[in-house]
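Visitor:
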Amino acid sequence: MTYLSLDDKGRMPVPAKMRPLLQDHCAGQMVTTIEVSDSCLLIYPRPEWEVVQAKLMSLPSLDPKVKRLQRLIMGQACDLQLDSAGRLLLPAPLRDYAQLERRAVLMGLGNKFELWSEPVWQQRQQQYRDDQELLDLSNDFKDLSL
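To convert, count from 1 in the sequence shown and add 3; that's this note's numbering.
#1: Touching or not, the segment 11 to 19 and the segment 67 to 74, by the rule of three or more beta carbon pairs under 8 Å?
#2: Since Glu117 sits in a beta bridge, which residues does DSSP pair it with?
#3: Using the DSSP secondary-structure output, state which residues sit across from Ile37 in a beta bridge.
#4: May I have the straight-line CA-CA distance separating Ser91 from Ser64, to the nearest angstrom?
#5: By Cβ distance below 6 Å, which residues in the same chain neighbour Ile37 in space, the five residues on each side in sequence not counted?
#6: Per DSSP, what kind of secondary structure is Leu59 in: helix, strand or coil?
#7: Can you tell me the Cα-Cα spacing of Ser61 and Pro18, whole angstroms?
#8: Distance check for Ile46 and Thr35, CA to CA, integer angstroms please.
#9: Under three-state DSSP, which class holds Leu103?
#10: Which residues mark the beginning and the end of the beta strand (DSSP E) in which Gln84 is found?
#11: So the alpha helix (DSSP H) Leu72 belongs to, where does it begin and stop?
#12: Please classify Leu24 as buried or exposed, where buried requires at least 16 neighbouring CB atoms within 10 angstroms.
#13: Is the beta carbon of Ala107 closer than 7 Å to that of Leu118?
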(Lines of atoms letter the chains of each structure in order from A; the text may use other names.)
(Lines give C-alpha, C1' and ligand atoms only; values in the text may rest on other atoms or scores of the structure.)
Protein backbone atom coordinates (compact mmCIF):
# COMPACT_ATOMS: atom_id res chain seq x y z
CA MET A 4 0.00 0.00 0.00
CA THR A 5 1.30 3.40 -1.00
CA TYR A 6 0.02 6.81 0.06
CA LEU A 7 0.30 9.44 -2.63
CA SER A 8 -0.96 12.84 -3.70
CA LEU A 9 -2.78 13.71 -6.89
CA ASP A 10 -1.89 17.02 -8.50
CA ASP A 11 -4.39 19.73 -9.48
CA LYS A 12 -4.89 18.17 -12.92
CA GLY A 13 -5.73 14.76 -11.48
CA ARG A 14 -2.40 13.13 -12.27
CA MET A 15 -1.39 10.25 -10.05
CA PRO A 16 2.32 9.56 -9.56
CA VAL A 17 3.12 5.88 -9.99
CA PRO A 18 5.65 4.78 -7.34
CA ALA A 19 9.16 4.80 -8.83
CA LYS A 20 9.81 1.12 -8.08
CA MET A 21 6.73 0.11 -10.14
CA ARG A 22 7.49 2.20 -13.23
CA PRO A 23 10.12 -0.09 -14.81
CA LEU A 24 7.91 -3.12 -14.21
CA LEU A 25 4.96 -1.42 -15.89
CA GLN A 26 7.12 -0.28 -18.79
CA ASP A 27 8.34 -3.86 -19.30
CA HIS A 28 4.94 -5.50 -18.84
CA CYS A 29 2.68 -3.13 -20.76
CA ALA A 30 4.78 -0.24 -22.14
CA GLY A 31 3.05 2.00 -19.57
CA GLN A 32 -0.38 1.34 -21.10
CA MET A 33 -3.03 0.99 -18.41
CA VAL A 34 -6.81 0.91 -18.16
CA THR A 35 -8.89 2.25 -15.28
CA THR A 36 -12.52 1.64 -14.44
CA ILE A 37 -14.81 1.72 -11.44
CA GLU A 38 -15.12 -0.90 -8.74
CA VAL A 39 -18.85 -1.56 -8.73
CA SER A 40 -19.04 -2.60 -5.08
CA ASP A 41 -16.90 0.19 -3.59
CA SER A 42 -16.03 3.83 -4.18
CA CYS A 43 -12.61 3.20 -5.65
CA LEU A 44 -10.97 2.75 -9.04
CA LEU A 45 -9.40 -0.35 -10.52
CA ILE A 46 -6.25 0.16 -12.59
CA TYR A 47 -5.07 -2.67 -14.84
CA PRO A 48 -2.00 -3.04 -17.01
CA ARG A 49 -3.35 -3.30 -20.57
CA PRO A 50 -2.67 -7.09 -20.96
CA GLU A 51 -4.47 -7.84 -17.68
CA TRP A 52 -7.42 -5.67 -18.69
CA GLU A 53 -7.77 -7.58 -21.96
CA VAL A 54 -8.23 -10.81 -19.97
CA VAL A 55 -10.89 -9.18 -17.77
CA GLN A 56 -12.63 -7.69 -20.79
CA ALA A 57 -12.71 -11.07 -22.57
CA LYS A 58 -14.24 -12.70 -19.48
CA LEU A 59 -16.91 -10.00 -19.26
CA MET A 60 -17.72 -10.34 -22.95
CA SER A 61 -18.04 -14.13 -22.63
CA LEU A 62 -20.93 -13.76 -20.18
CA PRO A 63 -24.50 -14.18 -21.51
CA SER A 64 -25.30 -10.68 -22.75
CA LEU A 65 -29.06 -11.28 -22.82
CA ASP A 66 -29.07 -11.48 -19.03
CA PRO A 67 -30.00 -7.98 -17.76
CA LYS A 68 -27.68 -8.30 -14.74
CA VAL A 69 -24.75 -9.20 -16.99
CA LYS A 70 -25.55 -6.33 -19.34
CA ARG A 71 -25.62 -3.92 -16.38
CA LEU A 72 -22.27 -5.24 -15.11
CA GLN A 73 -20.71 -4.93 -18.57
CA ARG A 74 -21.99 -1.37 -18.90
CA LEU A 75 -20.72 -0.39 -15.48
CA ILE A 76 -17.25 -1.90 -15.80
CA MET A 77 -16.47 -1.73 -19.51
CA GLY A 78 -18.53 1.38 -20.17
CA GLN A 79 -16.54 3.34 -17.59
CA ALA A 80 -13.14 2.00 -18.71
CA CYS A 81 -10.58 4.58 -19.84
CA ASP A 82 -7.17 4.09 -21.37
CA LEU A 83 -4.25 5.61 -19.48
CA GLN A 84 -0.63 6.10 -20.51
CA LEU A 85 2.25 6.50 -18.09
CA ASP A 86 3.80 9.88 -18.96
CA SER A 87 7.50 10.76 -19.01
CA ALA A 88 7.28 11.87 -15.35
CA GLY A 89 5.77 8.53 -14.28
CA ARG A 90 2.21 9.79 -13.81
CA LEU A 91 -1.23 8.66 -14.93
CA LEU A 92 -3.88 11.26 -15.77
CA LEU A 93 -7.14 10.07 -14.20
CA PRO A 94 -10.35 11.20 -15.93
CA ALA A 95 -12.45 13.65 -13.91
CA PRO A 96 -15.65 11.52 -13.91
CA LEU A 97 -13.75 8.57 -12.44
CA ARG A 98 -12.03 10.79 -9.87
CA ASP A 99 -15.49 12.05 -8.88
CA TYR A 100 -16.83 8.50 -8.59
CA ALA A 101 -13.99 7.51 -6.26
CA GLN A 102 -14.14 10.83 -4.37
CA LEU A 103 -10.48 11.41 -5.22
CA GLU A 104 -9.21 14.85 -4.39
CA ARG A 105 -5.65 15.24 -3.15
CA ARG A 106 -4.66 12.32 -0.89
CA ALA A 107 -4.99 8.76 -2.24
CA VAL A 108 -4.04 5.19 -1.41
CA LEU A 109 -2.75 2.80 -4.09
CA MET A 110 -2.82 -0.93 -3.43
CA GLY A 111 -1.48 -3.73 -5.59
CA LEU A 112 -3.90 -6.66 -5.75
CA GLY A 113 -2.41 -9.35 -7.96
CA ASN A 114 -3.26 -8.42 -11.55
CA LYS A 115 -4.49 -4.91 -10.77
CA PHE A 116 -4.29 -1.90 -8.49
CA GLU A 117 -7.01 -0.30 -6.41
CA LEU A 118 -6.96 3.46 -5.99
CA TRP A 119 -8.85 4.90 -3.04
CA SER A 120 -9.41 8.35 -1.65
CA GLU A 121 -7.44 8.28 1.61
CA PRO A 122 -10.42 9.35 3.78
CA VAL A 123 -12.71 6.82 2.09
CA TRP A 124 -10.10 4.07 2.54
CA GLN A 125 -9.68 4.89 6.23
CA GLN A 126 -13.44 4.71 6.72
CA ARG A 127 -13.64 1.41 4.80
CA GLN A 128 -10.80 -0.08 6.89
CA GLN A 129 -12.69 0.73 10.07
CA GLN A 130 -15.83 -0.88 8.66
CA TYR A 131 -13.83 -3.99 7.82
CA ARG A 132 -12.42 -4.15 11.35
CA ASP A 133 -15.90 -3.82 12.82
CA ASP A 134 -17.55 -6.33 10.45
CA GLN A 135 -18.43 -9.46 12.41
CA GLU A 136 -19.17 -11.42 9.23
CA LEU A 137 -15.66 -10.70 7.98
CA LEU A 138 -14.19 -11.70 11.33
CA ASP A 139 -16.17 -14.95 11.15
CA LEU A 140 -14.85 -15.53 7.64
CA SER A 141 -11.27 -15.09 8.82
CA ASN A 142 -11.94 -17.75 11.47
CA ASP A 143 -13.17 -20.10 8.74
CA PHE A 144 -9.77 -19.79 7.08
CA LYS A 145 -7.59 -19.73 10.19
CA ASP A 146 -5.69 -22.82 8.99
CA LEU A 147 -4.84 -21.13 5.72
CA SER A 148 -1.27 -20.00 5.81
CA LEU A 149 -0.99 -16.53 4.28
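Positions of the beta carbon are idealized from the N, C-alpha and C atoms, including for glycine.
This one's a predicted model, so the numbers in the text were calculated from it and none came from an experiment.
Guide: If we stick to the structure as given:
#1: no
#2: Leu45, Met110
#3: Leu44
#4: Sequence check: residue 91 is Leu here, not Ser. Leu91 and Ser64: Cα-Cα distance of roughly 32 Å.
#5: Gln79, Tyr100
#6: helix
#7: 34 Å
#8: 4 Å
#9: coil
#10: 81 to 84
#11: 67 to 76
#12: exposed
#13: yes
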